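Chains as they are written, first to last, in this note's numbering: chain H, 2 to 319; chain P, 2 to 243. First the structure, in the form of structure tokens, and then the observations on it.
Shown next as structure tokens:
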């Protein structure tokens with residue numbers, strides 16, 4: 002039974018990871034953070050005055066590492082204060098930690114947007130106050146969802162031994178360090194995958210579909226929506242249909258398979274309530290399963306590339 | 002503390018640092034232009050991507066290292082970290098390609114070579130004019146997987162040497178942070194060396210710059226190793242500050 006419980010917690014972690022990364026990507030889209038920010042930044046210089054929110058606090062990984070670490074630290078402090086209450090204190094500690102983390106993120110977004118737009122005065126780009134106020138709440142709420150999920154993942158992994166009843170299942174890293182690790186990873190994945198849907202497709206929707214965005218198009222972002230002038234909030238509604246969930250899937254799959262291969266390895270290494278009988282066997286099986294998954298991924302990637310080449314064909318046009 | 006132990010820690014930190022630098026050079030990094038499908042590779046910076054991959058490996062390495070009550074197996078822990086980073090890279094590149102193909106209708110192709118060195122398929126006719134390629138083609142994918150393995154191995158090797166009671170015997174958290182620090186220092190130096198985008202081992206930039214990158218990494222890692230050895234000798238971090 003405890004081993005089944007271990008698998009159940011693993012699935013909970015994977016689900017939380019999916020939600021976290023999806024919201025992380027959508028938050029970065031609302032704020033035009035990370036890579037596509039180069040286009041939002043360039044647009045006024047090209048004469049394209051826009052109503053997008055413009056923040057590039059830092060790379061997404063570092064920005065999320067900070068938010069999540071603040072959240073993890075506050076959560077750990079509250080947990081230590083309410084140690085006598087037991088695990089129930091987490092119900093208060095995790096949301097309060099995440100709220101502080103997202104508030105700090107909102108403050109950084111504010112200063113970043115105003116600073117960047119003020120620097121564009123020479124290109125006659127105004128600071129639209131409705132754009133400024135209107136985007137702060139979506140940024141904070143999306144960030145809160147991502148940070149609360151990451152803090153919950155870190156909390157579960159820190160206390161997995163107690164929660165599942167299997168000795169030695171907990172990760173030895175403290176809660177803030179796990180938050181830092183997963184914050185960095187969630188940001189790196191959100192930046193690597195989700196940005197493509199925004200940068201290639203949504204920001205250049207008036208350019209031909211199915212081709213890389215040529216250098217001459219850079220800065221010429223699409224500024225009009227289905228109705229009226231487009232803002233960054235319209236970007237989130239579009240990316241939530243594919244880019245966001247796909248990004249969530251990437252992080253969810255990473256967390257799922259990372260934990261799955263470790264737990265399967267532990268089972269084959271003689272896992273029981275008392276702990277592991279044979280650590281070397283457990284580690285070797287974990288490595289072996291991981292290598293097999295990587296080989297399958299290479300084959301899948303090759304199959305997908307082949308399919309795309311056959312289906313879309315060579316480039317047609319000028 | 003035995004001089005041979007100190008020397009082993011120093012050597013392993015240097016090896017770990019060199020592998021981290023090699024890993025960053027192997028990454029198919031397209032940077033910001035890749036997010037607009039103007040360059041081949043993953044749409045983020047070298048440091049961001051490699052750090053994300055390495056910390057995923059570090060997480061698995063820390064779990065595997067805790068399997069042993071004392072004296073964890075260095076090679077098995079390092080390999081576990083390597084596989085963790087490899088999987089992170091694999092899933093990220095695969096989903097990125099899903100978005101390129103189904104979200105933007107783009108065929109992955111290399112902009113730096115005319116023929117993919119692994120599949121032997123022509124790339125030029127699939128490339129959009131006035132771009133530097135787009136997506137993650139097979140050669141870049143394999144290069145990314147190898148980079149993930151190398152970086153994860155390097156990071157986890159440094160971590161296990163620092164945490165093991167046979168070697169540095171730092172606390173778990175301190176070892177994690179020090180390993181991450183050495184890794185990031187190497188990643189940043191490598192990113193400066195690459196200076197923009199790189200497609201992987203088949204990119205002419207790789208051959209031209211890898212030697213400089215590894216030399217710089219050797220110096221940085223040796224410096225970091227000496228600081229760790231001083232910390233071990235003075236007992237500053239033994240048992241941990243956290």
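Just so it is clear, CB atoms sit at the ideal spot from N, CA and C, and this is done for glycine as well. Remember, predicted model here, so these are calculated numbers, not experimental data.
Checklist entry - To the nearest angstrom, how far is it from the Cα of residue 302 of chain H to the Cα of residue 42 of chain P? => result Numbered from its first residue, the first chain carries residue 302 of chain H at position 301. Numbered from its first residue, the second chain carries residue 42 of chain P at position 41. Their backbone Cα atoms lie some 14 Å apart in a straight line.
Checklist entry - Does DSSP put residue 22 of chain H in a helix, a strand or coil? => result By 1-based counting over the first chain, the position of residue 22 of chain H is 21. Helix, per DSSP.
Checklist entry - Leaving out five residues before and five after residue 31 of chain P in sequence, what residues of the same chain have Cβ atoms less than 7 Å from its Cβ? => result Residue mapping note: residue 31 of chain P aligns to position 30 of the second chain, counting from 1. Hits under 7 Å: 40, 41, 42, 43, 44 and 198.
Item to check | the segment 239–248 of chain H in contact with the segment 103–115 of chain P per 3-pair CB rule at 8 Å | outcome: yes
Next on the checklist: Assuming contact is defined by CB atoms lying nearer than 7 Å, are residue 188 of chain P and residue 175 of chain H in contact in what I supplied?
Outcome noted: Taking the second chain and counting its residues from 1, the one referred to as residue 188 of chain P is at position 187. Taking the first chain and counting its residues from 1, the one referred to as residue 175 of chain H is at position 174. Cβ distance not < 7 Å, so residue 188 of chain P and residue 175 of chain H don't count as in contact.
Checklist entry - If you count every other CB in all the chains shown that lies within 10 Å of the CB of residue 242 of chain P, and 16 or more means buried, which is it? => result Indexing the second chain from 1 puts residue 242 of chain P at position 241. Note that residue 242 of chain P has pLDDT 49, beneath the 50 cutoff, so the model's placement of it is unreliable and no number is given.
Item to check | Span separating the alpha-carbon of residue 36 of chain H from that of residue 54 of chain H | outcome: Position 35 of the first chain, counting from 1, holds the residue named residue 36 of chain H. Position 53 of the first chain, counting from 1, holds the residue named residue 54 of chain H. C-alpha separation (whole angstroms): 14 Å.
Checklist entry - At least one CB of chain H closer than 7 Å to the CB of residue 109 of chain P: is that the case? => result As a position in the second chain, residue 109 of chain P is number 108, starting the count at 1. Taking Cβ atoms only, chain H reaches closer than 7 Å to residue 109 of chain P, which makes this a yes.
Checklist entry - By how many angstroms is the C-alpha of residue 265 of chain H removed from the C-alpha of residue 309 of chain H? => result The residue given as residue 309 of chain H occupies position 308 in the first chain. The residue given as residue 265 of chain H occupies position 264 in the first chain. Each residue's alpha carbon lies about 35 Å from the other.
Checklist entry - In chain P, which residues lie less than 7 Å from residue 299 of chain H when you measure between Cβ atoms? => result Stepping through the first chain from its first residue, residue 299 of chain H is reached at position 298. Going along chain P in sequence order, the residues near residue 299 of chain H (Cβ under 7 Å) are 142, 143 and 146.
Checklist entry - Between the segment 89–104 of chain P and chain H, which residues of the former have CB atoms less than 8 Å from a CB of the latter, in chain order? => result Listed in sequence order: 89, 91, 92, 93, 94, 95, 96, 97, 98, 99, 100, 101, 102, 103 and 104.
Checklist entry - What in chain H is Cβ-close to residue 68 of chain P, meaning under 7 Å? => result Looking up residue 68 of chain P in the second chain gives position 67. Residues of chain H passing the Cβ test: 277, 280, 283 and 284.
Item to check | Contacting residues, own chain, Cβ-Cβ under 6 Å from residue 257 of chain H (five flanking each side not counted) | outcome: Here residue 257 of chain H is taken as the residue at index 256 of the first chain, counted from 1. Result list for residue 257 of chain H: 15, in chain order.
Checklist entry - Quick one: does residue 173 of chain P have its CB under 7 Å from some CB of chain H? => result Within the second chain, the letter at position 172 stands for residue 173 of chain P. Residue-level contact by beta carbon holds for residue 173 of chain P and chain H, with a gap shorter than 7 Å.
Next on the checklist: Cβ closer than 9 Å: which chain H residues qualify as neighbours of residue 29 of chain P?
Outcome noted: Your numbering for residue 29 of chain P matches position 28 in the second chain. Here the premise fails: no neighbours, minimum Cβ distance about 11 Å.
Item to check | Residues that residue 39 of chain H contacts on chain P, provided the C-beta gap is smaller than 7 Å | outcome: Here the question's residue 39 of chain H lines up with position 38 in the first chain. Simply 33.
Checklist entry - Going by other Cβ atoms of all chains shown within 10 Å of its Cβ, with 16 needed for buried, is residue 56 of chain H buried or exposed? => result As a working note, residue 56 of chain H is residue 55 in the first chain. Result: buried.
Item to check | Where residue 149 of chain H falls, given that 16 or more other Cβ within 10 Å makes a residue buried | outcome: By 1-based counting over the first chain, the position of residue 149 of chain H is 148. Buried is the call here.
Checklist entry - How long is the line joining the alpha carbons of residue 104 of chain H and residue 33 of chain H, rounded to whole angstroms? => result By 1-based counting over the first chain, the position of residue 104 of chain H is 103. By 1-based counting over the first chain, the position of residue 33 of chain H is 32. Taking the straight line joining both Cα atoms gives about 18 Å.
Checklist entry - Do the segment 133–152 of chain P and the segment 15–26 of chain P make contact, defined as three or more Cβ pairs closer than 8 Å? => result yes
Checklist entry - In three-state terms, what does DSSP make of residue 40 of chain P? => result Numbered from its first residue, the second chain carries residue 40 of chain P at position 39. DSSP places residue 40 of chain P in the strand class (E or B) of the three-state scheme.
Checklist entry - Ordered along the chain, which non-local residues of its own chain (more than five positions away) have a Cβ less than 6 Å from that of residue 89 of chain P? => result Here residue 89 of chain P is taken as the residue at index 88 of the second chain, counted from 1. Non-local beta-carbon contacts of residue 89 of chain P in its own chain, meaning distances under 6 Å to residues more than five positions away in sequence, involve 54 and 57 in chain order.
Item to check | Residue-level contact to chain P via CB, residue 303 of chain H, 7 Å cutoff | outcome: Against the first chain, residue 303 of chain H aligns to sequence position 302. For residue 303 of chain H, the answer is yes, since a Cβ of chain P falls inside 7 Å of its Cβ.
Next on the checklist: If I measure Cβ to Cβ from residue 11 of chain H and keep anything under 8 Å in the same chain, skipping five residues before and after, which residues do I get?
Outcome noted: On the first chain, residue 11 of chain H is found 10 positions in, with the first residue counted as 1. The residues are 257, 260, 261 and 264.
Checklist entry - Where do the N-terminal and C-terminal ends of the alpha helix (DSSP H) with residue 153 of chain P fall, by residue? => result By one-based count along the second chain, residue 153 of chain P stands at place 152. Start and end: 139–164.
Next on the checklist: With distance defined between alpha-carbon atoms, name the residue in H:29, H:189, H:205 and H:127 nearest to residue 217 of chain H.
Outcome noted: Within the first chain, residue 217 of chain H is the residue found at index 216, counting from 1. Nearest of H:29, H:189, H:205 and H:127 to residue 217 of chain H, Cα basis: H:205.
Next on the checklist: Only counting the same chain, and skipping five residues up and downstream in sequence, which positions put a Cβ closer than 8 Å to that of residue 137 of chain H?
Outcome noted: Locating residue 137 of chain H in the first chain gives position 136, where the first residue counts as 1. Counting only residues of its own chain and dropping the five nearest sequence neighbours on each side, residue 137 of chain H has a CB closer than 8 Å to the CB of 107, 110 and 111.
Next on the checklist: Here's the rule I'm using: 16 or more other beta-carbon atoms within 10 Å means buried, otherwise exposed. How should residue 82 of chain H be labelled?
Outcome noted: Working through the first chain from its first residue, we reach residue 82 of chain H at position 81. Classification for residue 82 of chain H: exposed.
Next on the checklist: Assuming contact is defined by CB atoms lying nearer than 7 Å, are residue 58 of chain H and residue 64 of chain H in contact in what I supplied?
Outcome noted: Locating residue 58 of chain H in the first chain gives position 57, counting from the first residue. Locating residue 64 of chain H in the first chain gives position 63, counting from the first residue. Yes, these two residues count as a Cβ contact at 7 Å.
Checklist entry - Can you find a C-beta in chain H that's less than 7 Å from the C-beta of residue 196 of chain P? => result Along the second chain, read from residue 1 onward, the residue named residue 196 of chain P stands at position 195. Not closer than 7 Å to any Cβ of chain H, the Cβ of residue 196 of chain P fails to qualify, so no.
Item to check | Burial state of residue 145 of chain H (16 or more Cβ within 10 Å) | outcome: As a first step, residue 145 of chain H is located in the first chain; it is residue number 144 there, counting from the start. When all chains shown are included, residue 145 of chain H counts as buried.
Item to check | Residues of its chain near residue 298 of chain H, where Cβ-Cβ distance is below 7 Å and the 5 sequence neighbours each way are ignored | outcome: Taking the first chain and counting its residues from 1, one reaches residue 298 of chain H at position 297. For residue 298 of chain H, where only same-chain residues beyond five positions count, there are no Cβ hits under 7 Å.
Item to check | Beta-bridge pairing of residue 133 of chain P - partner residues as DSSP gives them | outcome: What you label residue 133 of chain P is simply residue 132 of the second chain in a count that begins at 1. Answer is P:40, bridged to residue 133 of chain P.
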